[in-house]
Amino acid sequence: MDEILRELFSGEEIPQKSLDRILKAEEIINNVELENQKLVQNIEKNEINISFFANDKKLGITRKSIYLDKYLLKFLNYRIKNKKDYLNVNKIEKLEKNIEDLNEEYYKVIDNIIDVFDLRMQSETYQKTIEELLEENKKLRNVVKEKQITINNLNNELKSYKIIKLR
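Written out as structure tokens, the structure is:
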């Protein structure tokens with residue numbers, strides 16, 4: 005209690021009347037919290053499950069009899085499944101599952117982003133390689149053209165020479 009007062013009022017002088025009221029309020033809060041703890045324990049103690057019914061004197065039936073009576077078992081399982089969630093246990097479990105699913109989706113998206121980045125990098129590398137190959141192809145075509153011109157010139161020159169036949 006002293007820590008709370010120091011944190012809230014850090015060195016201020018609290019009037020006695022206010023201090024008395026704060027102490028009474030703290031006592032009430034402690035009583036309510038104690039009562040709430042007892043209620044939570046009572047709710048947990050009265051958790052509805054098959055054992056709860058097998059131990060209940062009003063129903064007067066054993067666990068084995070419950071499992072042998074398919075209609076009663078089906079009814080009890082339905083009611084257990086659809087019982088009120090006073091402590092929000094199901095809601096918490098559902099939220100935790102949602103968090104897990106969201107984390108899983110988050111990591112999938114991250115992996116996807118990384119894959120897309122890698123593919124872009126590969127694409128850029130391939131594009132550079134293609135450009136280099138196209139340039140090399142262009143140079144080689146020019147060389148082929150030049151060689152073809154040289155061949156044509158040599159052929160023309162060869163035609164201009166007279167061929168003498170030897171007997």
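First residue of the sequence shown: 5, per the numbering used here; consecutive thereafter. All C-beta atoms in this analysis are idealised placements derived from N, C-alpha and C, irrespective of residue type, glycine included.
Supposed contact pair residue j and residue i - C-beta distance, whole angstroms, cut 8 Å
i	j	result
Asn53	Ile84	6 Å
Leu9	Ile18	7 Å
Met5	Glu37	Contact doesn't hold; Cβ gap of about 13 Å is too wide.
Beta-carbon proximity check, residue i vs residue j, cutoff 8 Å
i	j	result
Phe57	Ile70	yes
Rounded C-alpha distance that separates residue i from residue j
i	j	result
Lys98	Glu104	10 Å
Lys62	Leu77	17 Å
Val148	Glu108	58 Å
Leu123	Leu162	56 Å
Ile33	Leu43	15 Å
Tyr165	Arg145	30 Å
Ser127	Glu11	60 Å
Ile118	Asn40	50 Å
Thr154	Asn160	10 Å
Met125	Gln131	10 Å
Lys68	Asn81	15 Å
Leu72	Gly64	15 Å
Asn59	Lys95	28 Å
Lys151	Glu136	22 Å
Phe121	Lys101	30 Å
Arg25	Lys87	42 Å
Leu23	Glu7	14 Å
Are three or more beta carbon pairs between the segment 31 to 48 and the segment 90 to 108 nearer than 8 Å? Yes: at least three Cβ pairs fall under 8 Å.
Return the chain-ordered ranges of every alpha helix (DSSP H) run that is complete within the segment 65 to 134 and spans a minimum of 4 residues. Within the segment 65 to 134, the complete alpha helix (DSSP H) runs of at least 4 residues are 67 to 72 and 74 to 85.
- Could you pull out every unbroken alpha helix (DSSP H) segment of at least 4 residues lying fully inside the segment 25 to 71, listed in chain order? Those alpha helix (DSSP H) runs which fall completely within the segment 25 to 71 and span 4+ residues are 54 to 58.
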